[in-house]
Amino acid sequence: MSKSQHQTQLSYDLIVKTQVYVVRVLQTLQISSQHIVRWLKVSKLRSFTSLVVVGAIFSIAIASCSGNQAFSQPADIKLKLVSFSVTKAAHDQIIPKFVAKWKQEHNQNVIFEQSYGGSGTQTADVIAGKQAADIVHLALPLDVNKIQQAGLIKPGWENRSPRNGIVSKSVAAIVTREGNPKGIRNWADLAKDDVTLIAANPKTSGIAIWEFLALWGSVTLTGGDETTALDYITKVYKNTPILTKDAREASDLFFQQNQGDVLINYENEIVLAEKSGSKLPYIVPAVNISIDNPVAIVDKNVDEHRTRKVAEAFVDFLYSTEAQREFAKLQYRPVNPTVTQEVVSQFPPVNTLFTSQDLGGWELIQQKFFANGGVFDQVQTAKKL
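In my numbering, the protein residues as written are 58 to 442.
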């Protein structure tokens with residue numbers, strides 16, 4: 058091979074290598090394979106002039122990959138938060154703080170799509186695909202477990218966040234009318250014959266499950282047997298003519314429409330009603346249940362939406378001192394130790410605080426109380442007799 062032929066071969070090899078690199082970059086930039094093939098047929102890449110052109114294209118492509126934030130990171134990113142009804146006031150304060158923080162640190166706008174409703178209904182909608190949630194903040198771990206069982210959340214979700222995935226807490230409270238004319242002092246008084254109770258439906262609402270468990274545990278965890286508990290809780294639900302779909306609807310029925318003598322609700326929801334001008338006396342029973350609200354990333358959806366990084370950052374932010382203070386302002390009992398110490402004196406003391414584990418854990422609770430034909434269904438049947 059002559060010297061000129063050797064140089065020509067080297068030049069051709071260089072062009073071919075460059076061509077391969079350009080194709081890869083164009084594919085990375087999501088230029089279709091049809092366009093690439095058409096372009097390659099037109100440009101035979103036989104001259105140094107073509108090489109110069111290709112080099113220019115290659116340089117622009119590399120610059121686009123490395124320097125253009127819009128390529129590696131969209132200007133805006135959407136995040137879908139699905140939560141239970143009473144958390145909206147807290148998220149309205151927390152989300153703007155996170156958005157500002159992310160913008161400052163990543164120069165990217167996060168646009169939140171939010172949905173609030175009864176925890177059971179929200180859970181069913183996420184499972185059915187009606188709500189393509191990236192993050193769920195629900196009323197109880199049982200609902201997150203249902204989404205996991207549907208294959209949308211990977212097992213062990215509670216171990217991938219601080220505090221076993223619990224991001225907010227509350228306890229159950231009993232609201233009465235002004236002057237407490239029915240003389241309600243504790244859980245037992247709710248079974249009186251002349252009391253009308255406003256409560257939510259455990260089939261759709263998280264607070265309804267918590268209040269059912271609070272009623273049951275107030276008997277079985279203070280020395281009573283299950284027969285006594287069943288008799289007591291049946292009397293209570295006979296005093297409940299309407300079961301609302303969620304905590305917010307129960308509050309509206311009691312406070313705005315003036316129905317019922319007594320309302321069971323989250324302590325934090327009652328405080329929020331007070332701030333809205335609906336101030337009525339309430340009792341936090343000394344025997345109570347720890348209402349633990351979990352947060353979880355919906356793995357299947359964040360992988361499809363490519364939002365895992367920002368979703369994980371938002372979940373982490375919910376545990377921050379800044380976010381937990383916003384929860385505490387609305388009378389959620391914080392899980393951040395620093396904030397807990399700051400506000401502990403603001404909450405009524407609870408002498409006996411039991412948990413879902415004291416009642417056997419969520420798998421047993423679901424099967425025993427809320428599955429078809431379970432204790433709740435038996436109570437509903439008995440109250441019609």
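Quick reminder that beta carbons are idealized off the backbone N, C-alpha and C, glycines included.
Say yes only if the C-beta of residue i is nearer than 7 Å to one or more non-hydrogen atoms of the ligand FAD, and no if none qualify.
i, result
"Pro391", "For the structure depicted, the ligand FAD is absent and the ligand set is empty, with no information on it obtainable."
Can you list, in chain order, the residues of its chain with a C-beta nearer than 8 Å to that of residue i? Leave out the 5 residues immediately preceding and following it.
i, result
"Asp133", "Gln165, Asn166, Val167, Ile168"
"Thr279", "Val344, Thr409"
"Glu170", "Lys135, Leu136, Lys137, Leu138"
"Ile184", "Lys203, Ile204, Ala207, Leu209"
Can you give the beta carbon distance from residue i to residue j, rounded, assuming they're within the 8 Å contact cut?
i, j, result
"Ala304", "Ile264", "4 Å"
"Ala257", "Lys203", "The pair is not a contact, with the Cβ atoms about 18 Å apart (cut-off 8 Å)."
"Leu308", "Ala330", "The sequence given here places Ser at residue 308; Leu does not occur at that position. Sure, about 6 Å apart at Cβ, within 8 Å."
"Ile241", "Ile327", "The Cβ separation is near 14 Å, so there is no contact."
"Ser227", "Glu324", "5 Å"
"Ile255", "Ile299", "7 Å"
"Asn322", "Val232", "7 Å"
"Thr277", "Ala286", "5 Å"
"Arg234", "Leu337", "7 Å"
"Phe374", "Phe155", "5 Å"
"Gln150", "Glu306", "Not quite, the Cβ-Cβ distance comes to about 23 Å (not below 8 Å), so this is no contact."
DSSP three-state label for residue i, please.
i, result
"Val436", "helix"
"Phe411", "strand"
"Val341", "coil"
"Val183", "helix"
"Val392", "coil"
"Lys135", "strand"
"Asp191", "coil"
"Ala428", "coil"
"Ser172", "strand"
"Ala353", "strand"
"Ile210", "coil"
"Phe404", "coil"
"Asn166", "strand"
"Val140", "Per the sequence shown, residue 140 should be read as Ser rather than Val. In the structure shown, Ser140 sits in a strand (DSSP, three-state: E or B)."
"Val80", "Only weak support exists for where Val80 lies, its pLDDT of 39 falling under 50; the value from the coordinates is given anyway. Of the three classes helix, strand and coil, the one that applies to Val80 here is helix, per DSSP."
Mind checking whether residue i and residue j have CB atoms under 8 Å apart?
i, j, result
"Ala146", "Leu387", "yes"
"Val367", "Ser218", "no"
"Gly222", "Pro351", "yes"
"Leu416", "Leu247", "no"
"Ala353", "Ile210", "yes"
"Gly274", "Phe426", "no"
"Leu197", "Gln179", "no"
"Ser225", "Val392", "yes"
"Thr409", "Val355", "no"
"Lys260", "Val252", "no"
"Ser262", "Gly177", "yes"
"Ala370", "Trp214", "no"
"Ala385", "Val400", "yes"
"Gln424", "Gly431", "yes"
Cutting at 6 Å between CB atoms, please list the residues of its own chain near residue i, excluding the five before and the five after it.
i, result
"Asn243", "Pro342"
"Thr438", "none"
"Lys295", "Lys440"
"Tyr173", "Ser140, Ser142, Lys145"
"Val99", "The pLDDT assigned to Val99 is 46, lower than 50, so where the model puts this residue is not dependable, and the model offers no usable value."
"Asp182", "Gln188"
Tell me which residues share the same chain as residue i and place their Cβ nearer than 7 Å to its Cβ, disregarding the 5 neighbours each side in the sequence.
i, result
"Ala189", "Lys137, Asn358"
"Thr291", "Val436, Ala439, Lys440"
"Phe404", "Arg390"
"Trp419", "Pro198, Leu199, Asn202, Ser413"
Would you list, in sequence order, the uninterrupted alpha helix (DSSP H) runs of no fewer than 4 residues that lie entirely inside the region 217-291?
-> 263-277
At which residue ranges does the region 287-323 contain complete beta strand (DSSP E) runs of 3 or more residues, listed in the order of the chain?
-> 319-323
Counting only runs that start and end within the region 365-391, where is the alpha helix (DSSP H) found for 4 or more residues in a row?
-> 365-375, 378-386
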